[in-house]
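Participant:
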Amino acid sequence: MALPVEIPRRQLFIDGEWREPVHKKRIPVINPATEAPIGDIPAGTAEDVDLAVDAARRAFTRNRGKDWARAPGAVRAKYLRAIAAKIIERKSELAKLEALDCGKPLDEAAWDMDDVAGCFEYYADLGEALDGKQKAPISLPMETFKCYILKEPIGVVGLITPWNYPLLMATWKVAPALAAGCTAVLKPSELASVTCLELAEVCREVGLPPGVLNIVTGLGPEAGAPIASHPHVNKIAFTGSTETGRRIMTAAAQLVKPVSLELGGKSPLIVFDDVDIDKAVEWSLFGCFWTNGQICSATSRLLIHEKIAKEFLERLVAWAKNIKISDPLEEGCRLGPVVSEGQYEKIKKIISTAKSEGATILSGGVRPQHLKKGFFIEPTIITDVNTSMQIWRDEAFGPVICVKVFSSEEEAIELANDTHYGLAGAVISNDLERCERVSEAIEAGIIWINCSQPCFCQAPWGGNKRSGFGRELGEGGLDNYVSVKQVTKYTSDEPWSWYQSPSKL
Ligand code: NAI
Ligand code: MG
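The opening residue of the sequence shown carries number -9 in the working numbering; numbering runs sequentially from there.
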């Protein structure tokens, strides 16, 4: 079957040019909906990372006054806005490539492209404004001193990203990094790099100066690890699993390199007994089945008040069975395949372990009968869960919700916080005071009230506990790439007179 869009055969993007990886290896691109190979991407290694970091360093520091770091924010903003415009121009093609590469429904991929463009525009505005804050004065208690703050780009940054929102997660890092005046080496996931390589082409087309953004695709240990441990990479921003986050932090610690980590989660959604059941059911599904269930902030632990539990679960199952599961490119698709065979096997194992530990698979848990190929798993709802089970504790990263029933607000909060993670949480109730109380009590970086998952680039994003640290998006997202320097000036004509001149002795 002819593909609706050709996977472009790209090289690594280093110093503004397409380059063959030093070892000339490639990684196949598999369409998760058909299991068919549809192209390949270059497999970079430490040698390519060295070249990319060198290019980024040169772009950061070359020609005093003309380089990226010292260019006025308005100049950098012009490039970011041009990138946003090109993304919108190529939106439908990019969305198709994203859907083919990672399996997300086409409508969601199109939504992602709007978010990508919006994020570039948002950071273009903030980067421009940063110029005005370049010399923020500080008032000091001694008149003989004057002080100001310089906000400077941190340097060359290493950006390592996952496959669930391939281009969007890269953008959450690339846009603020470039807006702040940093230059970057991006390593997208080997499972979904195609649209990130298209971002490189977009950068080339808009004439982004060479070396400002370099993209090295490849396997984690071969292309990601050398970025984390590179002596000339000044900061690492990572989104992905807690395990890989730990490895990156360990590597960065050797060089005392700052890191920001956005890791996994096992986030709760609490539904009280005063809700409109259908509305709450829909948010419960969206909270975990959006992006085929592969969302770090998925509210995959559903806590339902005992008074409505029976009716709620009946409707939840009925709505879940009504979700259209199909090839992501088919009109109206709402659930596609998970990204890879490895993830498919991992999710199936988590479901079978839940069963063997005594939980009940109320709905789903299997491949849909009408789809013989592809990494599809029906939306899965699991009940009779106890808090020692793996399904309660570990991230499934697939369309799998586990349910527990509670009888009081206090119990709901205790269950919500019974996790090593702390990325997100949600509460649904008509009592808004209660919603706010519960929001304060949940130990997490993101809380949704009467919804789950909507995300805006203006609002800070990130977690606590083993979900990582640091915040992306919002104004703070720019601070991730900014180094603050204080400059203090002695303004008096008088000598300081702490020590005595020997001539006076
Ligand atoms: P991963 O965390 O291994 O991959 C994320 C990125 O890190 C990829 O670009 C990968 O190539 C890179 N990487 C891997 N090993 C590395 C290393 N030693 N040094 C530097 N970079 C390295 O995630 P993976 O294996 O694809 O998925 C496994 C699990 O991770 C999923 O089942 C899910 O639970 C979780 N995950 C969480 C995500 C989130 O958004 N928080 C996103 C993707 C996965
Ligand atoms: Mg792929």
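Cβ atoms here follow ideal geometry from the backbone N, Cα and C, with glycine treated the same way.
Comparing C-alpha positions only, which one of 488, 8, 461 sits nearest to residue 249?
Facilitator: Residue 249 sits at position 259 when you count from the first residue of the sequence shown. That would be 461, whose Cα lies nearest to the Cα of residue 249.
Participant: In chain order, what residues of the same chain have a beta carbon less than 6 Å from the beta carbon of residue 72, not counting five sequence neighbours either side?
Facilitator: Residue 72 sits at position 82 when you count from the first residue of the sequence shown. Answer for residue 72: 196, listed in chain order.
Participant: Just curious, the alpha helix (DSSP H) that residue 244 is in, first and last residue?
Facilitator: Taking the first residue of the sequence shown as position 1, residue 244 is located at position 254. Element bounds for residue 244: 232 to 244.
Participant: Should residue -3 be listed as close to the ligand MG, given that the test is whether its C-beta is under 7 Å from any heavy atom?
Facilitator: Residue -3 sits at position 7 when you count from the first residue of the sequence shown. The ligand MG has no heavy atom closer than 7 Å to the beta-carbon of residue -3.
Participant: Answer yes if the region 201 to 218 comes into contact with the region -7 to 11, meaning at least three C-beta pairs across the two stretches below 8 Å, and no otherwise.
Facilitator: yes
Participant: I'd like to confirm something about residue 245: is its beta-carbon nearer than 7 Å to some heavy atom of the ligand MG, or not?
Facilitator: Sequence index remark: in the sequence shown, residue 245 carries index 255 (1-based). Residue 245: no, Cβ never under 7 Å from the ligand MG.
Participant: Measuring only from the beta carbon, is residue 20 closer than 7 Å to any heavy atom that is part of the ligand MG?
Facilitator: By 1-based counting over the sequence shown, the position of residue 20 is 30. Yes - the ligand MG has a heavy atom lying nearer than 7 Å to the Cβ of residue 20.
Participant: CB of residue 415 to nearest heavy atom of the ligand NAI: below 7 Å?
Facilitator: Residue mapping note: residue 415 aligns to position 425 of the sequence shown, counting from 1. No, the Cβ of residue 415 stays beyond 7 Å of every heavy atom of the ligand NAI.
Participant: When every heavy atom of the ligand MG is checked, does at least one fall within less than 7 Å of the C-beta of residue -7?
Facilitator: Your numbering for residue -7 matches position 3 in the sequence shown. For the ligand MG, not one heavy atom lies less than 7 Å from the Cβ of residue -7.
Participant: Note down the Cα distance separating residue 505 from residue 361, rounded to an integer number of angstroms.
Facilitator: Nothing about residue 505 can be read from this structure; the chain reaches only from -9 to 495.
Participant: State the start and end residues of the unbroken beta strand (DSSP E) segment that holds residue 197.
Facilitator: Your numbering for residue 197 matches position 207 in the sequence shown. Residue 197 -> no beta strand (DSSP E), and no H or E assigned at all.
Participant: Is it the case that the region 99 to 112 contacts the region 438 to 447, given that we only count it when at least three CB pairs across the two stretches are under 8 Å?
Facilitator: Proximity of the region 438 to 447 to the region 99 to 112 meets the contact definition, three or more beta-carbon pairs being nearer than 8 Å.
Participant: For residue 173, name the three-state secondary structure that DSSP assigns.
Facilitator: Locating residue 173 in the sequence shown gives position 183, counting from the first residue. Of the three classes helix, strand and coil, the one that applies to residue 173 here is strand, per DSSP.
Participant: Is there contact here, the region 97 to 105 with the region 151 to 167, by at least three beta-carbon pairs under 8 Å?
Facilitator: yes
Participant: Taking all protein chains shown into account, decide if residue 319 is buried (16 or more other Cβ within 10 angstroms of its Cβ) or exposed.
Facilitator: Counting from 1 along the sequence shown, the entry for residue 319 is found at position 329. Burial call: buried.
Participant: Would the beta-carbon of residue 413 fall within 8 Å of that of residue 453?
Facilitator: Taking the first residue of the sequence shown as position 1, residue 413 is located at position 423. Taking the first residue of the sequence shown as position 1, residue 453 is located at position 463. Taking 8 Å as the Cβ cut-off, residue 413 and residue 453 qualify as a contacting pair.
Participant: Bridge partners for residue 353 per DSSP, in chain order?
Facilitator: As a working mapping, residue 353 is identified with position 363 in the sequence shown. Answer by DSSP bridge pairing, in chain order: 371.
Participant: Regarding residue 254 and the ligand NAI, is the C-beta to nearest heavy atom distance less than 7 Å?
Facilitator: Your numbering for residue 254 matches position 264 in the sequence shown. Yes; taking the cut-off as 7 Å, the Cβ of residue 254 has a heavy atom of the ligand NAI nearer than that.
Participant: Can you give me the Cβ contacts of residue 36 inside the same chain, cut-off strictly under 7 Å, excluding the 5 residues immediately before and after it?
Facilitator: On the sequence shown, position 46 is the one that residue 36 refers to. Correct list, in chain order: 216.
Participant: When you compare each of 358, 277, 310, 293 to residue 317 by their alpha carbons, which one comes out closest?
Facilitator: What you label residue 317 is simply residue 327 of the sequence shown in a count that begins at 1. Relative to residue 317, the option among 358, 277, 310, 293 whose CA is nearest is 358.
Participant: In angstroms with no decimal places, state the Cα-to-Cα distance between residue 187 and residue 438.
Facilitator: Working through the sequence shown from its first residue, we reach residue 187 at position 197. Working through the sequence shown from its first residue, we reach residue 438 at position 448. Each residue's alpha carbon lies about 33 Å from the other.
Participant: At what residue ranges does the region -3 to 75 contain a whole run of the alpha helix (DSSP H), taking only runs of 4 or more?
Facilitator: 36 to 51
Participant: Quick one: is the Cβ of residue 92 within less than 7 Å of any heavy atom of the ligand MG?
Facilitator: As a working note, residue 92 is residue 102 in the sequence shown. It does: the Cβ of residue 92 is within 7 Å (strictly closer) of some heavy atom of the ligand MG.
Participant: Roughly how many whole angstroms lie between the Cα atoms of residue 221 and residue 44?
Facilitator: The residue given as residue 221 occupies position 231 in the sequence shown. The residue given as residue 44 occupies position 54 in the sequence shown. Computed Cα separation, rounded: 11 Å.
Participant: I need the straight-line Cα distance from residue 54 to residue 143, nearest angstrom please.
Facilitator: Residue 54 sits at position 64 when you count from the first residue of the sequence shown. Residue 143 sits at position 153 when you count from the first residue of the sequence shown. Reliability fails at residue 54, whose pLDDT of 46 lies under 50, so the model's placement of it is uncertain and no value is given.
Participant: Going by DSSP in three states, residue 110 sits in which element: helix, strand or coil?
Facilitator: If you number the sequence shown from 1, residue 110 lands on position 120. In the structure shown, residue 110 sits in a helix (DSSP, three-state: H, G or I).
Participant: Counting only the same chain and skipping the five closest in sequence on each side, list residues whose C-beta sits under 8 Å from that of residue 267.
Facilitator: Numbered from 1 along the sequence shown, position 277 holds the residue referred to as residue 267. Excluding residues within five positions, the ones whose Cβ falls inside 8 Å are 298, 301, 302, 305.
Participant: Please name the residue or residues paired with residue 392 in a DSSP beta bridge.
Facilitator: Here residue 392 refers to the residue found at position 402 of the sequence shown. Answer is 291, 372.
Participant: Quick check: does the Cβ of residue 362 come within less than 7 Å of any heavy atom belonging to the ligand NAI?
Facilitator: Stepping through the sequence shown from its first residue, residue 362 is reached at position 372. A distance criterion of 7 Å places the beta-carbon of residue 362 beyond contact range of the ligand NAI, judged by its closest non-hydrogen atom.
Participant: Suppose only complete runs of 3+ residues qualify. What are the beta strand (DSSP E) ranges in the region 78 to 162, listed by chain order?
Facilitator: 126 to 128, 135 to 143, 146 to 150
Participant: Excluding sequence positions up to five away, which residues of its chain have a Cβ less than 6 Å from the Cβ of residue 418?
Facilitator: Numbered from its first residue, the sequence shown carries residue 418 at position 428. Excluding residues within five positions, the ones whose Cβ falls inside 6 Å are 261, 265, 270, 440.
Participant: Compute the Euclidean distance between the alpha carbons of residue 404 and residue 254, then round it to the nearest angstrom.
Facilitator: In the sequence shown, the residue the question calls residue 404 occupies position 414. In the sequence shown, the residue the question calls residue 254 occupies position 264. Taken atom to atom, the span from the alpha-carbon of residue 404 to that of residue 254 is near 20 Å.
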